[in-house]
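To start, the structure under review is shown below, and the notes come after it.
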Amino acid sequence: MAFLSVLIALLVEQLKPLGRGSAVYRLRQSLADIAARNFDAGRPHHGVAAWFIAVLLPALITLVIYLVALHYSLLLALAWNVAVLYFTLGFRQFSHYFTDIQDALNHNDAATARSLLKQWKALDTVDMSTSDVTQQTIEHALVSVQRYVLGVFFWFILPIGPAGAVLYRLSDYVAGKWNQTDSEASPALQSFSQKAFDLLDWAPARLTASGYAIVGNFEDAVDVWRGYSQLWANRNTGVMLASAAGAVGIRLGATAAATPAAPTEPGWTQEGENGDLGMSGLAATMPGAIPQPAHLRNVVGLVWRSVLLWMLLLAMLSVVSWVS
Numbered sequence: 001m002a003f004l005s006v007l008i009a010l011l012v013e014q015l016k017p018l019g020r021g022s023a024v025y026r027l028r029q030s031l032a033d034i035a036a037r038n039f040d041a042g043r044p045h046h047g048v049a050a051w052f053i054a055v056l057l058p059a060l061i062t063l064v065i066y067l068v069a070l071h072y073s074l075l076l077a078l079a080w081n082v083a084v085l086y087f088t089l090g091f092r093q094f095s096h097y098f099t100d101i102q103d104a105l106n107h108n109d110a111a112t113a114r115s116l117l118k119q120w121k122a123l124d125t126v127d128m129s130t131s132d133v134t135q136q137t138i139e140h141a142l143v144s145v146q147r148y149v150l151g152v153f154f155w156f157i158l159p160i161g162p163a164g165a166v167l168y169r170l171s172d173y174v175a176g177k178w179n180q181t182d183s184e185a186s187p188a189l190q191s192f193s194q195k196a197f198d199l200l201d202w203a204p205a206r207l208t209a210s211g212y213a214i215v216g217n218f219e220d221a222v223d224v225w226r227g228y229s230q231l232w233a234n235r236n237t238g239v240m241l242a243s244a245a246g247a248v249g250i251r252l253g254a255t256a257a258a259t260p261a262a263p264t265e266p267g268w269t270q271e272g273e274n275g276d277l278g279m280s281g282l283a284a285t286m287p288g289a290i291p292q293p294a295h296l297r298n299v300v301g302l303v304w305r306s307v308l309l310w311m312l313l314l315a316m317l318s319v320v321s322w323v324s
């Protein structure tokens, strides 16, 4: 049932993309605002309470509805799964920006590409070269694929089913919302929400990185993963982007941190060759070509191969489950 749920949800989402102004998105925003306003009093346990109301409570409600539907009918459970996935999983929630930027770059319209990137991520793109725009687009697209597709996919196939998808997406949403520069959330709430999402994304990010290595250039993906993932302050983002860079054979790092993250990946030390390099020096030593518009197609191919890989594995698991 998990395979059918994902497949149907992806097909429906391609045919009828969900608009940003949907009632579900407004409800999500209202719930996060209510939780922060009524429970965030600045203490660590207040931050935990606000997160539980905004994230865990909706996930628990989703789980209860799923279990009730499953008790009465598999078709009801399937319908509920598809409905939840429609609101939590899908490429069309971000892909229009990527496609429009790709089209603009393919027509040598760098000005339009810069404008679209600014609309998408609120970046200062005035002085960006074509290569800079391409690199930023690739990195933001890969992060979006993780947050809207592959991470949701991982949490959905766990025994809690649709509740896992809701848990992951809401955790990502509140972490981003409460950590914005203009957010009124307390430091305790900001810290807890980010740590909670990092914990939920730890395994999915590494599975995504492994998938990129399998469907791309395995040796280069692993090498870049081990040697350069610390360029990004968020280690989950780092392992995923580094693996993708090696898998495709390009150099990434446009969204890297000003200072490296703590070295925790196997094979990385602060001593020796890499330890003597500054941040810009380390980024410059990353193997691969400087991203050009033609590489956007390669990245799209990498993502689709990875999605097909996990769909195939899910289909095989479903067949084994049905047979047994």
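Residue numbers for the sequence shown follow UniProt numbering, so the first one is 1 and each next one is one higher.
Every residue, glycine too, gets a C-beta built ideally from N, C-alpha and C.
Supposed close pair Ala165, Val84 - CB separation, criterion 8 Å: By one-based count along the sequence shown, residue 165 stands at place 165. By one-based count along the sequence shown, residue 84 stands at place 84. Indeed, because the Cβ distance is near 6 Å, the residues count as touching under 8 Å.
When Asn217, Pro58, Gln93, Asp103 are compared against Gln146, the one with the closest alpha-carbon: Residue mapping note: residue 146 aligns to position 146 of the sequence shown, counting from 1. Closest by alpha carbon: Gln93.
Assign Trp51 to one of two classes, buried (16 or more other C-beta atoms within 10 Å of its C-beta) or exposed (fewer than that). Numbered from 1 along the sequence shown, position 51 holds the residue referred to as residue 51. Under this definition Trp51 is a buried residue.
Would you kindly work out how many angstroms separate the C-alpha atoms of residue 330 and Trp155, rounded to a whole number? Absent from the model: residue 330. The displayed extent of the chain is 1 to 324, so no value can be given.
Count the other CB atoms, across all protein chains shown, that sit within 10 Å of the CB of Glu13; report buried if there are 16 or more and exposed otherwise. In the sequence shown, counting from the first residue as 1, residue 13 sits at position 13. Its Cβ being crowded by 16 or more others within 10 Å, Glu13 is buried.
Could you check whether the stretch 170-179 touches the stretch 31-48, counting it as contact only if at least three pairs of C-beta atoms, one from each stretch, sit closer than 8 Å? yes
So is Pro44 buried or exposed if we call it buried at 16+ other beta carbons inside 10 Å? Position 44 of the sequence shown, counted from the first residue, corresponds to residue 44. Exposed is the call here.
Going along the chain, which residues of its own chain have a beta-carbon closer than 8 Å to the beta-carbon of Glu184, five neighbours each way excluded? As a position in the sequence shown, residue 184 is number 184, starting the count at 1. Taken in chain order, the residues that qualify are Ala36.
With a Cβ-Cβ cutoff of 8 Å, do Thr88 and Val152 count as a contact? Taking the first residue of the sequence shown as 1, we reach residue 88 at position 88. Taking the first residue of the sequence shown as 1, we reach residue 152 at position 152. Yes, the pair counts as a contact, with Cβ atoms nearer than the cut-off.
Counting only the same chain and skipping the five closest in sequence on each side, list residues whose C-beta sits under 8 Å from that of Arg114. Taking the first residue of the sequence shown as position 1, residue 114 is located at position 114. Contacts found: Thr125, Val126, Met128, Val133.
Three-state secondary structure (DSSP) at Ala188? As a working note, residue 188 is residue 188 in the sequence shown. Three-state DSSP puts Ala188 in a helix.
Whole-angstrom Cβ separation of Ala23 and Val174, contact assumed at under 8 Å? Taking the sequence shown and counting its residues from 1, one reaches residue 23 at position 23. Taking the sequence shown and counting its residues from 1, one reaches residue 174 at position 174. 19 Å between Cβ atoms; not a contact.
Do Leu302 and Tyr228 have their beta-carbon atoms positioned less than 8 Å apart in this structure? On the sequence shown, position 228 is the one that residue 228 refers to. On the sequence shown, position 302 is the one that residue 302 refers to. Their beta carbons are not under 8 Å apart, which means Tyr228 does not touch Leu302 by this criterion.
What residue from Leu200, Thr99, Ala77 has the CA that sits closest to Met1's CA? Residue 1 sits at position 1 when you count from the first residue of the sequence shown. With distances taken between Cα atoms, Met1 lies closest to Ala77.
When DSSP builds the beta bridges, which residues end up paired with Phe289? Taking the sequence shown and counting its residues from 1, one reaches residue 289 at position 289. For clarity, residue 289 is Ala in the given sequence; the question names Phe instead. Ile250, per the DSSP bridge assignment.
Going by CA-CA distance only, name the one from Leu150, Glu219, Thr255 that's closest to Leu231. Locating residue 231 in the sequence shown gives position 231, counting from the first residue. The shortest C-alpha separation from Leu231 is found at Thr255.
What is the DSSP secondary structure of Gly161, counted as helix, strand or coil? Taking the first residue of the sequence shown as position 1, residue 161 is located at position 161. It is coil, neither helix nor strand.
Mapping DSSP to helix, strand and coil, what is Ala23? Along the sequence shown, one-based indexing puts residue 23 at 23. Here Ala23 sits in helix by DSSP.
Using alpha carbons as the reference points, say which of His107, Ser210, Asp100, Leu116 lies closest to Leu150. Position 150 of the sequence shown, counting from 1, holds the residue named residue 150. If we check each option's Cα against that of Leu150, Ser210 comes out closest.
For Gly216, the first and last residue of its enclosing alpha helix (DSSP H): Mapped onto the sequence shown, residue 216 falls at position 216. Here Gly216 belongs to no alpha helix (DSSP H), and DSSP marks it neither H nor E.
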